[in-house]
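Heads up: the sequence shown begins at 1 in the UniProt record's numbering, then just goes up one per residue.
Where is the CB? At the ideal position from N, CA and C, for every residue including glycine.
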Amino acid sequence: MNLFIQRKEESSLIVWLAKYFLLGVTALFFLGILVISFVYFNNGYLPFELTFIEHLLLIFITFLGGLFFSFLIIYFRSKLSSLIWLLGIAFLLRIFWILFFPTEPEQDFLKMYQASVRFADGDFGFMNDMRYFIVSPYQLGFVLYEGLVIKLLGPSVFILRFINVCLSTVTVFLTYKVGQQVASKKAAILAGWFVALYVPNIVLTSVLTNQTVALFIFLCAIYLFLLGNRWYPLVGLLLFIGNLTRPLASILLIAFILYGLFFKLPKEKKKYLYLLLLTTIPLVFSVSGKITDSLLQQNKITDTSISTVNPYWKLALGLNLSSEGHWNVEDYKAVNHFDKQEERDKAAKALIGERTKSLSDLAKLMGKKFKRMWNDFDSSISWATNFKEQFSFWRTLLFIIQKAQYYVLIAGAFFYVLKPVNKKNALYLLLLIIFGYALIHQLVEIQTRYRYFVFPFIAIVSAGFWVNFSPLIRRESGRNERSSTIKT
1 MNLFIQRKEE SSLIVWLAKY FLLGVTALFF LGILVISFVY FNNGYLPFEL
51 TFIEHLLLIF ITFLGGLFFS FLIIYFRSKL SSLIWLLGIA FLLRIFWILF
101 FPTEPEQDFL KMYQASVRFA DGDFGFMNDM RYFIVSPYQL GFVLYEGLVI
151 KLLGPSVFIL RFINVCLSTV TVFLTYKVGQ QVASKKAAIL AGWFVALYVP
201 NIVLTSVLTN QTVALFIFLC AIYLFLLGNR WYPLVGLLLF IGNLTRPLAS
251 ILLIAFILYG LFFKLPKEKK KYLYLLLLTT IPLVFSVSGK ITDSLLQQNK
301 ITDTSISTVN PYWKLALGLN LSSEGHWNVE DYKAVNHFDK QEERDKAAKA
351 LIGERTKSLS DLAKLMGKKF KRMWNDFDSS ISWATNFKEQ FSFWRTLLFI
401 IQKAQYYVLI AGAFFYVLKP VNKKNALYLL LLIIFGYALI HQLVEIQTRY
451 RYFVFPFIAI VSAGFWVNFS PLIRRESGRN ERSSTIKT
């Protein structure tokens, strides 16, 4: 602990090293995505095959789309300062999508919906008679959420989609509020527009996924964490609730603790009091989990801890070179046919042992996973259109728009972290989250729709560049200065 409670000059050096480490690794992360995007274009998500020439043409069209999107940002940013307009348009886009492109629950989403209906009827047997929940008990939290909604409002899929629309719109607002803590108000508004207009964030509202509600809760936790120390116990509770719906809180817990130790603590006058407050986050998180486990088991809803997230299974999937870290039937059959958790863990550990023997294969896998996770089309669009042929044209168009938006935002984030300007300390919390999230997905199972969680943070970082450092602003500034000189 004495490492963090040192003389002022020593603390300043630690903070300086931490800042430049984060700026360096995130700059490399964004640069890697940009470089790969010019040489790699996976058309596997498209509903048709491409020739080599068509492949190159689609890359060119997407690049032009990115330039066009950049022009729109620069041209309209001064006119997009109204928070009411931002939230209104975000809501209308999402309600339009669920009305005209309704998505019926399928696969995992259907299983969770069916379990939620049973829970609302007082039937908890799904935890024992549905294989999905036997091997993934941590999904119970989201089932409880959907089940309570169904209990109160009925089993309408539309109602669940509509709640997604509301939560997704509030997520836009929370992106704006977090952005204000990290950058200027103008950058925060622009980040809100990025999230409001980003295709996957719109279309995923029609999918009954836990991602929407979890991101909403986690953004609340991040905002309160940045707001002040007195909110730390509530932050721990929100992390637990968010983790109950989607188990991602460990990334935020680590980010909060590292940020608190390296960036907040050196500036605190009452350092031991701050450390005490900081420890309330993991403490409340842990105690809330144990109490919830006890209540669920006492009420005979489940006899398994909902904190069981099958880390070995996720790691075994993520280390599969042949599937490039994606879910696959072979691994599922090899691990999840066992009835007991201990047996499944043993089988998964055996796969992990086999897949970590060759360093050259591991290096090859890391490159392939990075390329697929951060450069493929966002599969949220496929899920939202049910992979159906009648949506082929719209799906292709949405993929291209999404890719163009993504290029622009990644480019903005890259240039912003490189720019030698004074940055608020809160930025480094977002960089910790981005880096941690990218790092963990080099190891565990990947899907491109998982980028949804980290997108608001990338949007905030990118907005810092597009607001402050575009050529147009410099030209306008120059014209204003010359005009002022002439008037004088």
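Under the criterion of beta carbons closer than 8 Å, valine 117 and isoleucine 150 qualify as touching, at roughly 6 Å.
Asparagine 375 carries a helical assignment under DSSP once its states are collapsed to helix, strand and coil.
Counting only the Cα atoms, asparagine 375 lies some 41 Å from leucine 152. Secondary structure at isoleucine 434: helix, using DSSP grouped into helix, strand and coil. Counting C-beta pairs with one atom in each stretch, the stretch 447 to 457 and the stretch 62 to 71 have fewer than three that are closer than 8 Å, which means they do not touch. DSSP assignment within the UniProt domain "Glycosyltransferase RgtA/B/C/D-like" (148 to 285) yields no whole beta strand (DSSP E) run of 3 residues or more. For valine 25, the secondary structure class from DSSP, reduced to helix, strand or coil, is helix. DSSP places leucine 398 in the uninterrupted alpha helix (DSSP H) bounded by 392 to 418. Per DSSP, the unbroken alpha helix (DSSP H) holding glutamate 342 starts and ends at 341 to 355. Less than 7 Å divides the Cβ of isoleucine 217 from the Cβ of glycine 242. One Cα belongs to histidine 326, the other to glutamine 442, and the distance between them is close to 11 Å. Between glycine 192 and leucine 359, the gap from beta carbon to beta carbon reaches 7 Å or more. Judged by pairs of C-beta atoms under 8 Å, the stretch 155 to 168 does not touch the stretch 329 to 348, as fewer than three such pairs exist.
Between valine 284 and proline 233, the gap from beta carbon to beta carbon is short of 7 Å. In the structure shown, lysine 333 falls within a helical segment according to DSSP collapsed to helix, strand and coil. Apart from sequence neighbours up to five positions away, the residues of its chain that approach isoleucine 251 with a beta-carbon distance below 8 Å are Ile433, Gly436, Tyr437 and Ile440, ordered along the chain.
Excluding five sequence positions before and after glutamine 297, the CB atoms of its chain that fall closer than 7 Å to its own CB belong to Asp303, given in chain order.
Around phenylalanine 101, the same chain offers Val203, Ser206, Ala384, Thr385, Phe391 and Trp394 as residues with beta carbons nearer than 8 Å, after the five sequence neighbours per side are excluded. The beta-carbon distance between leucine 430 and valine 182, rounded to whole angstroms, is 6 Å. This is short enough to meet the 8 Å contact definition.
Between leucine 418 and alanine 27, the CB-CB gap stays under 7 Å. Non-local C-beta neighbours of serine 184 in its own chain, meaning closer than 7 Å and more than five positions away in sequence, comprise Val467, ordered along the chain. Burial of alanine 120 is indicated by the presence of at least 16 other C-beta atoms within 10 angstroms of its C-beta. In the structure shown, glutamine 139 falls within a helical segment according to DSSP collapsed to helix, strand and coil. Residues Ile202, Val203, Thr205 and Ser206 of the same chain have their beta carbon placed closer than 7 Å to that of tryptophan 97, with the five preceding and five following residues left out of the count. In the structure shown, isoleucine 59 falls within a helical segment according to DSSP collapsed to helix, strand and coil.
Note on geometry: alpha-carbon atoms of alanine 316 and asparagine 328 lie some 11 Å from one another. Looking from the CA of isoleucine 254, the closest CA among Thr279, Lys271, Leu273 and Tyr274 belongs to Thr279.
Shown here, methionine 130 sits in coil according to DSSP, grouped into three states, outside any helix or strand.
Just so you know, the alpha carbons of proline 311 and lysine 349 end up roughly 10 Å apart.
With respect to the 7 Å criterion, phenylalanine 142 and asparagine 210 are classified as neighbours on the basis of their beta carbons. The beta carbon of phenylalanine 457 sits closer than 6 Å to those of Leu430, Ile433 and Ile434, all from its chain and outside the five residues before and after it, given in chain order. Around valine 335, the same chain offers Trp313, Arg344, Ala347 and Ala348 as residues with beta carbons nearer than 6 Å, after the five sequence neighbours per side are excluded. DSSP places tryptophan 466 in the uninterrupted alpha helix (DSSP H) bounded by 455 to 468. Put simply, the backbone Cα of proline 137 is about 33 Å away from that of alanine 459.
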